[in-house]
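Data block below; observations after.
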Ligand code: MF3
Ligand code: CO
Ligand code: CO
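Residue numbers (this note's numbering): 4 to 299.
What follows is the structure, encoded as structure tokens:
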């Protein structure tokens with residue numbers, strides 16, 4: 004069913020497929036909101052896994068990471084120097100930690116579509132570096148999304164992200180990239196978070212892909228730990244990441260995983276560099292002076 008139209012190797016979704024993508028992406032976004040409501044110092048990353056796993060099943064979906072190429076858990080949890088693909092376990096979140104939670108939902112549980120979104124949360128009060136890398140990565144995603152439009156090129160997205168990150172004294176991870184998504188978790192194209200404007204594949208209305216910049220305080224290089232999943236910064240400097248799934252449209256894009264409420268312990272802090280594309284609700288709340296403010 005449904006995957007006939009392509010430009011090169013990249014699928015162009017029909018309106019019916021897009022409706023199904025919206026549903027999967029909305030569930031992933033709601034799951035992330037739920038995580039923000041429950042996250043606290045003293046909790047293990049495995050408790051986050053249980054929250055995500057149970058919520059996903061309760062809503063008639065399947066957590067995409069579970070058994071994906073042998074991944075043993077239902078969500079990725081990546082604290083501090085972990086870049087991505089952290090496996091939930093006995094690690095206890097401590098005051099001052101940052102932690103990325105990366106949710107992918109396959110909905111409905113049969114003949115479904117994948118929706119992929121992640122955010123970095125603050126556990127209690129962060130260091131200056133933790134704040135910087137988190138807010139730079141939040142803004143990088145927003146700038147990447149703003150570069151999406153029918154007729155633009157993938158290099159436009161990468162360049163927007165790289166230019167901002169490096170101007171802020173941070174580095175962009177090269178070893179992992181965004182990706183097409185739909186009936187499969189990872190499909191073409193590869194969406195680089197670095198590059199040059201006017202280069203790379205042209206993007207077309209109906210394409211659906213993720214943008215998920217991983218930004219480091221220190222060097223861009225990564226190392227894979229012995230569990231064959233956990234990716235850390237080689238220099239063990241802090242790393243942060245935000246991710247959305249987007250649909251390319253004629254005018255720009257639709258952020259399919261946009262949140263309908265403020266992400267607690269991330270977008271609600273006073274210094275959060277919230278943008279209009281990821282979470283219109285957070286921007287509206289801030290403009291009304293209604294965003295909960297966490298003391299620095
Ligand atoms: N959600 C991740 C991404 O953004 C992929 C996780 S794969 C897993 O592409 F197996 F680690 F879950
Ligand atoms: Co992804
Ligand atoms: Co993801």
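C-beta: ideal position from N, C-alpha, C; glycine also.
Nonlocal neighbours in the same chain, by C-beta distance under 8 Å from residue 121, ignoring five residues either side: Apart from sequence neighbours up to five positions away, the residues of its chain that approach residue 121 with a beta-carbon distance below 8 Å are 35, 79, 103, 104, 105, 106, 215, 244, 245 and 246, ordered along the chain.
task: Could you tell me which residues DSSP pairs with residue 95 in its beta bridges?
output: DSSP output for residue 95 lists 47 as bridge partner(s).
task: Apply the 10 Å Cβ neighbour rule to residue 72 and answer buried if 16 or more other Cβ atoms are within range, or exposed otherwise.
output: Exposed: under 16 other Cβ atoms inside 10 Å.
message: For residue 60 and residue 98, what's the separation of their Cα atoms in angstroms?
response: Each residue's alpha carbon lies about 30 Å from the other.
query: Assuming residue 28 contacts residue 267 under a Cβ cut-off of 8 Å, what Cβ separation, rounded to an integer in Å, is found between them?
result: Not quite, the Cβ-Cβ distance comes to about 20 Å (not below 8 Å), so this is no contact.
- request: Return yes when at least one heavy atom of ligand 3 lies under 6 Å from the C-beta of residue 81, else no.
  value: No, the Cβ of residue 81 stays beyond 6 Å of every heavy atom of ligand 3.
query: From what residue to what residue does the alpha helix (DSSP H) around residue 147 run?
result: Residues 131–149.
- prompt: In terms of alpha-carbon separation, which member of 218, 101, 291 and 256 lies closest to residue 165?
  reply: Residue 165 has its Cα closest to that of 218, out of 218, 101, 291 and 256.
field: Alpha carbon of residue 183 to alpha carbon of residue 45, nearest angstrom
entry: About 36 Å.
- prompt: Between which two residues does the beta strand (DSSP E) carrying residue 217 extend?
  reply: According to the DSSP assignment, residue 217 belongs to the beta strand (DSSP E) that extends over 217–219.
field: DSSP-derived helix/strand/coil call for residue 75
entry: Residue 75 falls in the coil class under three-state DSSP.
- prompt: So residue 225 and residue 234 are in contact, right, with Cβ under 8 Å, and what is the actual spacing, rounded?
  reply: About 5 Å separates the two Cβ atoms, so the contact holds.
message: For the region 88–96 against the region 42–57, do three or more pairs of beta-carbon atoms, one drawn from each stretch, fall closer than 8 Å, so that the two count as touching?
response: Judged by Cβ distances under 8 Å, the region 88–96 makes contact with the region 42–57, as three or more pairs qualify.
task: Say whether the region 271–287 touches the region 169–177, bearing in mind that this needs 3 or more beta-carbon pairs closer than 8 Å, one atom from each stretch.
output: At 8 Å Cβ cutoff, the stretches do not touch.
field: residue 68, enclosing alpha helix (DSSP H) - first and last residue
entry: DSSP places residue 68 in no alpha helix (DSSP H); its state is neither H nor E.
Exposure label - residue 115; buried when at least 16 CB within 10 Å: With a threshold of 16 other beta carbon atoms within 10 Å, residue 115 meets it and is buried.
query: Any contact of the region 131–141 with the region 183–196, i.e. 3+ C-beta pairs under 8 Å?
result: No, because fewer than three Cβ pairs between the region 131–141 and the region 183–196 fall closer than 8 Å, the two stretches do not touch.
- request: Taking only the alpha-carbon atoms, compute the straight-line gap between residue 22 and residue 147 and give it to the nearest angstrom.
  value: Residue 22 and residue 147: Cα-Cα distance of roughly 23 Å.
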